[in-house]
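Colleague: Pasting in a structure now, in structure tokens, and then I'll have a few things to ask.
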Amino acid sequence: MSPTIYTIMLSSLATGTIITMTSFHWLMAWIGLELNTLAIIPIISTLHHPRSTEAATKYFLTQAAASAMILFSSMINAWNTGTWDITQMSFLPSNTLLAMALALKLGLAPAHLWLPEVLQGSTLLTALIITTWQKLAPMSLIFLSANNLPPMILLTLGVISSVTGGWAGLNQTQTRKIMAFSSIAHLGWMASITSISPNIMIMSLMIYLIMTTALFSSLIFSKSKTIQDTTTTWTLSPTLTITTMLVLLSLGGLPPLTGFLPKWLILEELITQNMSPLALMMAMSALLSLFYYLRLTYTTALTLAPNTLQMKFKWRFKPTTPPALMAFSTLSVFLLPLTPLILS
Numbered sequence: 001m002s003p004t005i006y007t008i009m010l011s012s013l014a015t016g017t018i019i020t021m022t023s024f025h026w027l028m029a030w031i032g033l034e035l036n037t038l039a040i041i042p043i044i045s046t047l048h049h050p051r052s053t054e055a056a057t058k059y060f061l062t063q064a065a066a067s068a069m070i071l072f073s074s075m076i077n078a079w080n081t082g083t084w085d086i087t088q089m090s091f092l093p094s095n096t097l098l099a100m101a102l103a104l105k106l107g108l109a110p111a112h113l114w115l116p117e118v119l120q121g122s123t124l125l126t127a128l129i130i131t132t133w134q135k136l137a138p139m140s141l142i143f144l145s146a147n148n149l150p151p152m153i154l155l156t157l158g159v160i161s162s163v164t165g166g167w168a169g170l171n172q173t174q175t176r177k178i179m180a181f182s183s184i185a186h187l188g189w190m191a192s193i194t195s196i197s198p199n200i201m202i203m204s205l206m207i208y209l210i211m212t213t214a215l216f217s218s219l220i221f222s223k224s225k226t227i228q229d230t231t232t233t234w235t236l237s238p239t240l241t242i243t244t245m246l247v248l249l250s251l252g253g254l255p256p257l258t259g260f261l262p263k264w265l266i267l268e269e270l271i272t273q274n275m276s277p278l279a280l281m282m283a284m285s286a287l288l289s290l291f292y293y294l295r296l297t298y299t300t301a302l303t304l305a306p307n308t309l310q311m312k313f314k315w316r317f318k319p320t321t322p323p324a325l326m327a328f329s330t331l332s333v334f335l336l337p338l339t340p341l342i343l344s
């Protein structure tokens with residue numbers, strides 16, 4: 001794809017998301033979602049490979065179905081209440097349908113099966129866009145309609161997603177699929193807190209975006225598509241191995257790092273609302289996710305690949321670590337002391 005076409009596609013992608021995020025009318029939100037979907041289809045299928053074509057087709061079908069469900073739910077609501085305002089969704093069947101449509105749009109379990117397949121069929125950079133930027137529009141709709149969405153459905157989706165994201169990621173060897181299940185688990189945490197505290201959900205989303213961007217940047221820089229590829233990261237840049245290790249531990253939610261903040265606040269809020277069993281299940285599911293993060297940490301930072309003459313080392317074309325990677329990695333590691341400032 002030529003740089004001009006690619007730039008047009010990316011700007012259309014950004015425009016679609018911004019239209020959805022700034023709209024209060026359901027039709028405008030739907031137009032933004034459709035523009036967003038249509039812009040990323042060529043980006044996914046740039047490789048001209050059967051797997052990328054398949055990924056683009058799966059993405060298009062799921063997103064089109066979710067957008068149609070969103071439009072249908074808003075039409076039912078408008079028919080019964082006479083308003084197209086996103087914040088005035090007061091008809092219960094519409095809200096239930098909207099919650100399920102947004103779950104499909106985001107990739108929340110049990111409507112998650114498209115996400116690992118789409119990521120596996122696309123490049124690492126496209127996978128980064130799908131797991132970060134593409135979550136903004138649906139999450140903004142969830143934020144706008146948080147007071148009306150059924151809390152029981154959101155909590156159920158949250159628990160199922162966090163458990164599925166941890167459990168299904170255990171036997172994966174492809175880094176893109178691991179990141180897909182990581183995304184499902186993190187979105188589950190956000191869904192579970194939405195009806196209780198939308199502000200914590202937004203803070204959790206921001207931290208998730210920072211950490212995922214940092215890890216994908218290091219995977220793109222080291223060209224690591226499988227767990228085996230991560231064992232040769234140390235030949236490329238010793239600094240990269242340490243930063244990747246810290247970002248992975250942060251994604252796992254270990255205490256001194258940024259990733260601990262959303263998990264801590266969400267668990268605290270759930271316990272305050274007398275949902276201790278739910279909080280316990282979420283905490284246990286975080287341990288499942290932590291296992292595959294630790295496995296990646298182990299292969300990246302603690303193992304040396306076989307040092308035989310036949311070993312293929314990566315050429316150091318770019319020995320310096322990109323500034324963007326360092327910036328996101330720093331934010332992924334050192335934001336925890338700013339907790340009082342973030343909460344105020």
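In terms of the UniProt record's numbering, the sequence shown opens at residue 1 and continues consecutively.
Here a beta-carbon is modelled for each residue, glycine too, at the ideal position from N, C-alpha and C.
(1) Which residue or residues does DSSP assign as beta-bridge partners of D85?
(2) Determine the contact status of L187 and S161, defining contact as a CB-CB distance below 8 Å.
(3) So, are the CB atoms of I184 and I193 less than 8 Å apart?
(4) Can you find the residues in the same chain that come closer than 6 Å, C-beta to C-beta, to T241, ignoring five residues on each side of it along the sequence?
(5) With the cut-off set at 8 Å, would you say G121 and R51 are in Cβ contact?
(6) Is Q174 helix, strand or coil when you go by DSSP?
(7) Could you tell me which whole beta strand (DSSP E) segments of length 3 or greater appear in the region 137-164?
(8) Cα-Cα, which of H49, L248 and W133 is closest to A14?
(9) Comparing alpha-carbon positions, which option in A55, M9, A56 and A65 lies nearest W30?
(10) Please go through the region 262-304 and give each complete alpha helix (DSSP H) segment of 4 or more residues, from N-terminal end onward.
(11) With 16 as the cutoff for other CB atoms within 10 Å, does Y6 come out buried or exposed?
(12) Would S276 pass as a contact of G165 if the rule is Cβ separation under 8 Å?
(13) With DSSP collapsed to three states, give me the class of T226.
(14) Could you check where the alpha helix (DSSP H) with P116 kicks off and where it finishes?
(15) Span of the alpha helix (DSSP H) holding A103?
(16) Would you mind working out which of A78, L92 and E34 sits nearest S67, comparing C-alpha positions?
(17) Within its chain, find whatever has a CB closer than 6 Å to the CB of S332; leave out the 5 residues flanking it on each side and keep chain order.
(18) May I ask you to report which of helix, strand or coil DSSP gives M1?
(19) Is there a C-beta anywhere in chain C that falls below 8 Å from the one on S90?
(20) Anyone know if the C-beta pair for Y292 and I178 falls short of 8 Å?
(21) Is it true that the CB of T87 sits closer than 8 Å to the CB of L144?
(22) Going by the CB atoms, is the gap between S140 and residue 361 shorter than 8 Å?
(23) Please name the residue in L278, S218 and S285 whose C-alpha comes closest to that of T297.
(24) Determine the closest residue to I131 out of F260, L265, I40 and L341, with distance taken between C-alpha atoms.
(25) For T231, which residues in the same chain have their Cβ closer than 8 Å to its Cβ, ignoring the five residues on either side in sequence?
(26) Drop a sphere of 10 angstroms on the beta-carbon of T4, count the other beta-carbons inside from all chains shown, and report buried for 16 or more, exposed for fewer.
(27) Whose C-beta lies closer than 6 Å to the C-beta of L154 among residues of the same chain, with five residues either side of it excluded?
(28) Just mark Q172 as buried or exposed, buried being the case when its beta carbon has 16 or more other beta carbons within 10 Å.
(29) Any idea if I271 is buried or exposed, counting beta-carbon neighbours within 10 angstroms, 16 or more meaning buried?
(30) Measure the alpha-carbon distance for N77 versus E269 and round it to whole angstroms.
(31) Between the C-alpha atoms of T81 and W114, what's the straight-line distance to the nearest angstrom?
(32) Would DSSP call I196 helix, strand or coil?
(33) Along the chain, where does the alpha helix (DSSP H) containing P340 start, and where does it finish?
(34) Check the C-beta distance from Q63 over to T46 and give it rounded, since I have them as a contact under 8 Å.
Modeller: Answer, in terms of the structure:
(1) Answer by DSSP bridge pairing, in chain order: H25.
(2) Contact flag set, yes.
(3) Taking 8 Å as the Cβ cut-off, I184 and I193 do not qualify as a contacting pair.
(4) Result list for T241: T233, W234, T300 and A301, in chain order.
(5) Cβ distance < 8 Å, so G121 and R51 count as in contact.
(6) The answer is strand: DSSP assigns Q174 an E or B state.
(7) DSSP runs (the beta strand (DSSP E)) wholly in the region 137-164: none.
(8) It is W133.
(9) In terms of Cα proximity to W30, the closest of A55, M9, A56 and A65 is A65.
(10) Counting only runs of at least 4 residues, the region 262-304 fully encloses the following alpha helix (DSSP H) elements, listed from N- to C-terminal order: 276-297.
(11) Within a 10 Å sphere around the beta-carbon of Y6 sit fewer than 16 other beta-carbons, which makes this residue exposed.
(12) Contact flag unset, no.
(13) Strand at T226.
(14) Here the alpha helix (DSSP H) through P116 covers W114 to G121.
(15) Membership of A103 in the alpha helix (DSSP H) is indicated by the continuous run L92 to L106.
(16) Of the residues A78, L92 and E34, the one whose Cα lies closest to the Cα of S67 is E34.
(17) Counting only Cβ-Cβ distances below 6 Å, and skipping sequence neighbours, we find I210, M211, A214, V247, S250 and T258.
(18) Coil.
(19) The structure shown contains no chain C; it holds only a single protein chain.
(20) Using a Cβ distance threshold of 8 Å, Y292 and I178 count as a contacting pair.
(21) Yes.
(22) No information on residue 361 is available, as it lies outside the stretch 1 to 344 that the chain covers here.
(23) Closest by alpha carbon: S218.
(24) A small fix is needed here, since residue 131 is Thr in this sequence, not Ile. Measuring from the Cα of T131, the nearest candidate turns out to be I40.
(25) If we look at T231 and ignore the five residues flanking it on each side, its Cβ neighbours are T299, T300, T303, L304 and A305.
(26) Its Cβ having fewer than 16 others within 10 Å, T4 is exposed.
(27) Same-chain partners within the cutoff: A191, T194 and S195.
(28) The residue in question, Q172, is buried, as its Cβ has 16 or more Cβ neighbours within 10 Å.
(29) I271 is classed as exposed because its beta carbon has fewer than 16 other beta carbons within 10 Å across all chains shown.
(30) As the crow flies, the alpha-carbon of N77 is around 31 Å from that of E269.
(31) Near 34 Å, if we compare the C-alpha coordinates of W114 and T81.
(32) Three-state DSSP puts I196 in coil, outside helix and strand.
(33) Judged by DSSP secondary structure, P340 falls within the alpha helix (DSSP H) whose first and last residues are T339 to L343.
(34) The beta carbons of Q63 and T46 sit about 18 Å from each other, so the pair does not count as a contact at 8 Å.
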